[in-house]
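Under the numbering used here, the first residue of the sequence shown is numbered 2, with each subsequent residue one higher.
C-beta: ideal position from N, C-alpha, C; glycine also.
Inspection log for the structure reproduced underneath, given as structure tokens.
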Amino acid sequence: QRMALAEIEGDMAAPHRMLRLLQGDVGSGKTVVAFLAMLNAVEIGAQAALMAPTEILARQHFETISKFAEFSGVKAALLTGRDKGKVRTRLLELLARGDIDILVGTHALFSEDVTFKDLAFVVVDEQHRFGVHQRMALSAKGAQPDILAMTATPIPRTLLLAIYGDLDSSRLDEKPPGRQSVDTRVLPIDKLGEVSDGLARAIEGGAQAYWVCPLVEESETGDLAAVTERHKQLQQRFGDKVGLIHGRMKAAEKDAAMARFSAGETSLLVSTTVIEVGVDVPNATVMVIEHAERFGLSQLHQLRGRIGRGSGKSTCLLLYQGPLGETARA
């Protein structure tokens, strides 16, 4: 973290504009590095912004950052598409006046009426979820602000040069002490019964688990049917210990389901890929991914990154529908 920060601070001090990509595996502490870099901008009297691809993730970053901000006397605020009316107007006034130092948000940050007094530093989380135009739109809100992009998806060097040739790159290649690597296993989908039994044992032992439902051919209705069906079946077995979360739910419902899982009120969270990025529940140690052959490698990597965030031993089960082709097997 110190090394990455030194590289970022060196860039910020240079006369040219910074474009840097911070790569670090899930749980390696990118948010903290980003926050310390943002403080750099705040210290010179300017503002910083952090943009995340989903509301769940923006909220989570805000929770992490606001704790530190409060402690250091820095004013941080959160802006998502959900903020409307007077609340939003008030927030935008404070922002334009320069009374807000750090603004965290979703792509609501691009809205035309969002004006910064002096935006000097922009952090874009989960870089691959945003287009170049969105990056440019946000940076147009300031006088050539420095940009730090972050990703947890490991990008090989050649690909990095091809796609992000204009970006310098920093890596966080260590994890916090005490983390164990995740035990990943591949099983055919007809072993579903055994998986359920294993899950029952884990939950009785106090563990929490995610159950990710398959990606149905690019159709939200199909995804929804798959996840509600699986939720029903698991509910018959585990009762009200099972939570549900998917993209069609209202933001408040998603937050509530997430909060119940975080608090340990539910032990099993059935979900579509909405939990792919940023969800942080250290007590969750099991991840079941149904029809794993339908997901891309970076998605599987991200999903698996939801576990192994605490000190407990974590297991990720990839269930596939045979027969597997060579590529899928690899």
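Host alpha helix (DSSP H) of residue i (start-end)
{"i": "F122", "result": "Element bounds for F122: not the alpha helix (DSSP H) but the beta strand (DSSP E), 120 to 126."}
{"i": "T328", "result": "327 to 330"}
{"i": "I57", "result": "56 to 72"}
{"i": "M4", "result": "3 to 14"}
{"i": "I204", "result": "193 to 205"}
{"i": "L92", "result": "86 to 98"}
{"i": "A42", "result": "31 to 44"}
{"i": "L304", "result": "298 to 305"}
Candidates the options, of which the one nearest residue i by Cα
{"i": "L22", "options": "H247, D167, R238", "result": "D167"}
{"i": "V275", "options": "I246, E291, R310, V124", "result": "I246"}
{"i": "K176", "options": "A153, L160, R202", "result": "A153"}
{"i": "I45", "options": "L270, D102, M288, T286", "result": "D102"}
{"i": "A59", "options": "L37, G82, K76, A70", "result": "G82"}
{"i": "K242", "options": "A253, L200, G323, K192", "result": "L200"}
{"i": "V271", "options": "A47, K314, S197", "result": "S197"}
{"i": "A208", "options": "L235, Q237, A253, F262", "result": "F262"}
{"i": "V228", "options": "G240, R238, D26, G244", "result": "G244"}
{"i": "L269", "options": "M151, L235, A15, A50", "result": "L235"}
{"i": "G86", "options": "K192, I190, D114", "result": "D114"}
{"i": "G28", "options": "T107, L193, A109, G179", "result": "G179"}
{"i": "M259", "options": "T185, R249, D281", "result": "D281"}
{"i": "R330", "options": "R186, G106, A14, V43", "result": "R186"}
{"i": "D84", "options": "Q303, L304, A253", "result": "A253"}
{"i": "G311", "options": "M13, V105, P283", "result": "P283"}
{"i": "M39", "options": "L79, L149, G143", "result": "L149"}
{"i": "A144", "options": "Q303, R18, E230, L51", "result": "R18"}
heavy atom of the ligand GDP below 6 Å from residue i C-beta
{"i": "A53", "result": "Judged by which ligands are present, the structure shown has none, so any question about the ligand GDP falls away."}
Status (buried if at least 16 other CB within 10 Å, exposed otherwise) for residue i
{"i": "Q181", "result": "exposed"}
{"i": "H232", "result": "buried"}
{"i": "R91", "result": "exposed"}
{"i": "V183", "result": "buried"}
{"i": "K31", "result": "buried"}
{"i": "E56", "result": "buried"}
{"i": "H62", "result": "buried"}
{"i": "G11", "result": "exposed"}
{"i": "Q237", "result": "exposed"}
{"i": "A49", "result": "buried"}
{"i": "T267", "result": "buried"}
{"i": "E8", "result": "buried"}
{"i": "T273", "result": "buried"}
{"i": "D126", "result": "buried"}
{"i": "L93", "result": "buried"}
{"i": "P16", "result": "exposed"}
{"i": "A53", "result": "buried"}
{"i": "K251", "result": "exposed"}
{"i": "D191", "result": "exposed"}
Coil, strand or helix - residue i by DSSP
{"i": "D169", "result": "strand"}
{"i": "D184", "result": "strand"}
{"i": "T154", "result": "coil"}
{"i": "G244", "result": "strand"}
{"i": "E272", "result": "A quick correction: the sequence has Ser, not Glu, at residue 272. Of the three classes helix, strand and coil, the one that applies to S272 here is strand, per DSSP."}
{"i": "M1", "result": "This structure cannot speak to residue 1, because the chain is shown only from 2 to 331."}
{"i": "I190", "result": "helix"}
{"i": "T267", "result": "coil"}
{"i": "A210", "result": "strand"}
{"i": "Q322", "result": "coil"}
{"i": "T229", "result": "helix"}
{"i": "A252", "result": "helix"}
{"i": "L216", "result": "coil"}
{"i": "Q145", "result": "coil"}
{"i": "A53", "result": "coil"}
{"i": "A47", "result": "coil"}
Cβ-based neighbour list, residue i, same chain, cut-off 7 Å, excluding 5 preceding and 5 following
{"i": "L161", "result": "S170"}
{"i": "F111", "result": "Q135, A138, L139"}
{"i": "A293", "result": "L301, L319, L320, Y321"}
{"i": "F36", "result": "I66, F69"}
{"i": "P146", "result": "L120, A121, F122, V123, S140"}
{"i": "Q2", "result": "G30, V33, V34, L173"}
{"i": "S299", "result": "T154"}
Where the beta strand (DSSP E) through residue i begins and ends
{"i": "V105", "result": "103 to 106"}
{"i": "R21", "result": "20 to 25"}
{"i": "I290", "result": "285 to 290"}
Close Cβ partners of residue i (< 8 Å) along its chain, the five nearest in sequence each way excluded
{"i": "L325", "result": "E294"}
{"i": "A5", "result": "L23, G25, V34, S171, R172, L173"}
{"i": "D100", "result": "K76"}
{"i": "G206", "result": "none"}
{"i": "A210", "result": "L200, A203, I204, S268, L269, L270, A285, T286, V287, M288, V289"}
{"i": "K314", "result": "Q181, D184, T286"}
{"i": "K118", "result": "Q48, L96, A97, R98, G99"}
Residues of its chain near residue i, where Cβ-Cβ distance is below 6 Å and the 5 sequence neighbours each way are ignored
{"i": "A203", "result": "V287"}
{"i": "T116", "result": "A97"}
{"i": "P215", "result": "A227, E291, H292, R295"}
{"i": "L95", "result": "I101"}
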